[in-house]
Ligand code: SAM
């Protein structure tokens, strides 16, 4: 790994996750999105002396190397390159028949966003990629250069909640071929009124980049699949904790927790405190929901 990377990922809602998820001191927990291992470490620490263990998975082999280094002193952690969509397969291989807690921390890790070379960021000029799993075929380059204008507009509108989606989609189509993140930023810039470019609180390309990333990684489809089988992996009383950063994800989680007869929601959602927001602005749209297996 030779990427430039100096910024560490700060785990979101860390104490709230551990307090809500870890209910059985000698339990088996799965962190379905290990990233750099912030949540995994806190869970492992809490159950280290009491015989509990954590299975951690991530689809990004580069980020897993960082997690391996960060977690090497925890004998109760096992890491695997796996998608949470295939978690039942992994648990079968490990002969683990049920678990006491499942954590999913959605969104993108700081390593993916700020590190060089993966095409997630509008602040660098890189080939358009945005894959979390480098073995997948679908890239941002394919989405941006081959999807029909209407489909692109729907993706940017729904996944990016971008009100100028149609104009942006048209500008993207007219600017093809688009090979780099900078070229994509310029195509977005050409679509937006001057006022939008300068008055937005966040960079004007944020929403479009988010939308394309969600499409490339099939983030909503994966979450929906996971929610359909996750309750069956839990022991009675087992906890399912999900941190989402997007209203569509949160709606899916809220709806499942409310309507799935296998689950009982624990309280309402938890949002970051003022202190956390000040320390970690990335946490601003995070919502943690927790449910219990009945
Ligand atoms: N909780 C982590 C920490 O404290 O360092 C950060 C997790 S980060 C927000 C989300 C991670 O989920 C990324 O590393 C990404 O590669 C991973 N991911 C995305 N889709 C996945 C999937 N289908 N299966 C497993 N991991 C996935």
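In our numbering, the protein residues as written are 12 to 305. Note that the Cβ used here is the ideal one computed from N, Cα and C, for glycine as well.
At the level of alpha carbons, what is the spacing between residue i and residue j?
{"i": "residue 81", "j": "residue 88", "result": "11 Å"}
{"i": "residue 219", "j": "residue 176", "result": "8 Å"}
{"i": "residue 29", "j": "residue 121", "result": "21 Å"}
{"i": "residue 12", "j": "residue 272", "result": "Because the pLDDT at residue 12 is just 44, under 50, the model does not fix this residue reliably, and the value given afterwards should be weighed accordingly. So the two alpha carbons sit approximately 45 Å from each other."}
{"i": "residue 255", "j": "residue 115", "result": "8 Å"}
{"i": "residue 75", "j": "residue 162", "result": "33 Å"}
{"i": "residue 305", "j": "residue 263", "result": "19 Å"}
{"i": "residue 260", "j": "residue 201", "result": "30 Å"}
{"i": "residue 107", "j": "residue 156", "result": "43 Å"}
{"i": "residue 181", "j": "residue 142", "result": "24 Å"}
{"i": "residue 222", "j": "residue 113", "result": "26 Å"}
{"i": "residue 196", "j": "residue 285", "result": "32 Å"}
{"i": "residue 281", "j": "residue 301", "result": "9 Å"}
{"i": "residue 211", "j": "residue 217", "result": "10 Å"}
{"i": "residue 61", "j": "residue 36", "result": "6 Å"}
{"i": "residue 63", "j": "residue 206", "result": "54 Å"}
{"i": "residue 59", "j": "residue 105", "result": "20 Å"}
{"i": "residue 73", "j": "residue 278", "result": "36 Å"}
{"i": "residue 299", "j": "residue 43", "result": "15 Å"}
{"i": "residue 138", "j": "residue 21", "result": "26 Å"}
{"i": "residue 165", "j": "residue 158", "result": "11 Å"}
{"i": "residue 191", "j": "residue 167", "result": "18 Å"}
{"i": "residue 154", "j": "residue 140", "result": "10 Å"}
{"i": "residue 32", "j": "residue 213", "result": "33 Å"}
If you drop the 5 nearest sequence neighbours on each side, which residues of the same chain put their C-beta closer than 8 Å to that of residue i?
{"i": "residue 78", "result": "45, 46, 47, 48, 51, 67, 69, 90"}
{"i": "residue 110", "result": "38, 39, 40, 41, 66, 102, 244, 245, 246, 249"}
{"i": "residue 203", "result": "175, 178, 179, 215"}
{"i": "residue 283", "result": "23, 24, 291, 294, 295, 297"}
{"i": "residue 258", "result": "172"}
{"i": "residue 288", "result": "294, 295"}
{"i": "residue 83", "result": "none"}
With distances taken from CA atoms, which of the options is nearest residue i?
{"i": "residue 93", "options": "147, 290, 38", "result": "147"}
{"i": "residue 117", "options": "224, 195, 168, 158", "result": "224"}
{"i": "residue 23", "options": "252, 277, 305", "result": "252"}
{"i": "residue 99", "options": "242, 289, 303, 277", "result": "242"}
{"i": "residue 229", "options": "279, 299, 151", "result": "151"}
{"i": "residue 144", "options": "207, 124, 299, 71", "result": "71"}
{"i": "residue 275", "options": "287, 288, 299, 303", "result": "303"}
{"i": "residue 169", "options": "231, 34, 53", "result": "231"}
{"i": "residue 136", "options": "125, 165, 193, 160", "result": "193"}
{"i": "residue 34", "options": "57, 191, 299", "result": "57"}
Under 7 Å Cβ to Cβ from residue i, same chain only, skipping five residues before and after it: list those, please.
{"i": "residue 149", "result": "227"}
{"i": "residue 96", "result": "233, 236, 237"}
{"i": "residue 119", "result": "131, 224"}
{"i": "residue 198", "result": "182, 183, 186, 189"}
{"i": "residue 160", "result": "180, 181, 184"}
{"i": "residue 208", "result": "200, 215"}
Output needed for residue i: all residues of its chain with C-beta closer than 6 Å, excluding positions within five of it in sequence on either side, in chain order.
{"i": "residue 85", "result": "55"}
{"i": "residue 296", "result": "256"}
{"i": "residue 19", "result": "none"}
{"i": "residue 124", "result": "131, 132"}
{"i": "residue 53", "result": "25, 29"}
Please tell me whether residue i has its Cβ less than 8 Å away from any Cβ of chain D.
{"i": "residue 95", "result": "Absent from the structure is chain D; it holds one protein chain and no more."}
Does the ligand ADP have a heavy atom nearer than 7 Å to the CB of residue i?
{"i": "residue 74", "result": "This structure lacks the ligand ADP; the ligands present are the ligand SAM."}
Whole alpha helix (DSSP H) elements within the stretch 255-301, 4-residue minimum:
258-270, 285-290
Continuous alpha helix (DSSP H) assignments of at least 4 residues falling wholly in the stretch 74-116
98-104
Is the number of C-beta pairs between the stretch 132-142 and the stretch 21-35 that are closer than 8 Å three or more?
no
The stretch 263-277 touching the stretch 231-250, judged by at least three CB pairs closer than 8 Å:
yes
Continuous beta strand (DSSP E) assignments of at least 3 residues falling wholly in the stretch 107-183:
110-116
In chain order, what are the residue ranges of uninterrupted alpha helix (DSSP H) at least 4 long that sit wholly in the stretch 183-219?
192-202, 205-210
Where are the beta strand (DSSP E) runs, 3 residues long or more, that stay fully inside the stretch 222-253, in chain order?
none
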